[in-house]
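Asks: Below: one structure in structure tokens.
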Amino acid sequence: LDLARAALCAQGGSSEYVDEEGRWNMQYFSTAQATLCGAIHALLLQRHGGEARLFPALPSAWRHCAFRGFLLAGMRLDATYEPDRITVTARNATDAPRHAILRTRSAAIRLDLAPGATRTLSLLP
Numbered sequence: 126l127d128l129a130r131a132a133l134c135a136q137g138g139s140s141e142y143v144d145e146e147g148r149w150n151m152q153y154f155s156t157a158q159a160t161l162c163g164a165i166h167a168l169l170l171q172r173h174g175g176e177a178r179l180f181p182a183l184p185s186a187w188r189h190c191a192f193r194g195f196l197l198a199g200m201r202l203d204a205t206y207e208p209d210r211i212t213v214t215a216r217n218a219t220d221a222p223r224h225a226i227l228r229t230r231s232a233a234i235r236l237d238l239a240p241g242a243t244r245t246l247s248l249l250p
């Protein structure tokens, strides 16, 4: 991912306006850089229904990788992939209980977090 850093810039734009009734409307314009970020994100974390899949589409050459601060249903996730283990730390960043099912290719676990709680799990890839 470090090699892609040069392509990750702040290109793009947004237009905001208030309509006659005082409501905001935001329109975002995607760029090639935003598409690259989305593609990298999809290699590391995907959501399907009520499940979050950790590292679902890693290239076979990637022996180790990690991400920090990805948001999932009010939780902030940090995760590390190693060939024999996935370690994930989830923090509930809200004032309400949060729930998610975290899945890897060989394991699944239901994660329940109270407001402000943090939990670290170790899963098989």
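The sequence shown begins at 126 in my numbering and counts up one residue at a time. By construction, the Cβ of each residue, glycine as well, lies at the ideal position given by its N, Cα and C atoms. Small disclaimer: the values here were computed from a predicted structure and weren't measured.
#1: Give the straight-line distance between the Cα atoms of L197 and A186, rounded to the nearest whole angstrom.
#2: So what's A80 in DSSP terms, helix, strand or just coil?
#3: Mark A252 as exposed unless 16 or more other C-beta atoms lie within 10 angstroms of its C-beta, in which case mark it buried.
#4: Along the beta strand (DSSP E) that carries A191, what are the first and last residues, could you check?
#5: Rounding to the nearest angstrom, what Cα-Cα distance links C190 and I226 in this structure?
#6: Classify A132: buried if its beta carbon has 16 or more other beta carbons within 10 angstroms, exposed otherwise.
#7: Can you name, in chain order, every residue of its own chain whose Cβ lies under 6 Å from the Cβ of R242, other than the five neighbours on each side?
#8: Could you give the first and the last residue of the continuous beta strand (DSSP E) run that contains L248?
#9: Enumerate in chain order the residues of its own chain whose CB-to-CB distance from T229 is below 6 Å, with the five nearest sequence positions on each side excluded.
#10: Could you please give the first and the last residue of the uninterrupted beta strand (DSSP E) stretch that includes D209?
#11: Please report the straight-line C-alpha distance between F192 and T205, rounded to a whole angstrom.
#12: In this structure, how does DSSP classify A167 when only helix, strand and coil are distinguished?
Replies: Walking through what the data contain:
#1: Taking the first residue of the sequence shown as position 1, residue 197 is located at position 72. Taking the first residue of the sequence shown as position 1, residue 186 is located at position 61. So the two alpha carbons sit approximately 27 Å from each other.
#2: Since the first residue of the chain shown is 126 and the last is 250, residue 80 is not available in this structure.
#3: Coverage of the chain is limited to positions 126 through 250, which leaves residue 252 absent and any answer about it impossible.
#4: One-based indexing of the sequence shown puts residue 191 at position 66. Residues 190–197.
#5: For the purposes of this step, residue 190 is taken as the residue at position 65 of the sequence shown. For the purposes of this step, residue 226 is taken as the residue at position 101 of the sequence shown. Their backbone Cα atoms lie some 21 Å apart in a straight line.
#6: Walking along the sequence shown from the start, residue 132 turns up at place 7. Low per-residue confidence applies at A132: pLDDT is 47, beneath 50, and the placement is therefore not dependable, though the value from the model is reported in the following sentence. Label assigned to A132: exposed.
#7: Position 117 of the sequence shown, counted from the first residue, corresponds to residue 242. First, the amino acid is wrong: residue 242 is Ala here, not Arg. Hits under 6 Å: N217.
#8: The count along the sequence shown starts at 1 and reaches residue 248 at position 123. Per DSSP, L248 belongs to the beta strand (DSSP E) from 243–248.
#9: Sequence index remark: in the sequence shown, residue 229 carries index 104 (1-based). Excluding five sequence positions before and after T229, the CB atoms of its chain that fall closer than 6 Å to its own CB belong to L179, I211, L248, P250, given in chain order.
#10: By one-based count along the sequence shown, residue 209 stands at place 84. No beta strand (DSSP E) contains D209, which DSSP labels as neither H nor E.
#11: Reading the sequence shown from its first residue, position 67 is the one you call residue 192. Reading the sequence shown from its first residue, position 80 is the one you call residue 205. F192 and T205: Cα-Cα distance of roughly 7 Å.
#12: Translated into positions along the sequence shown, residue 167 becomes position 42. Looking at A167 - three-state DSSP - the assignment turns out to be helix.
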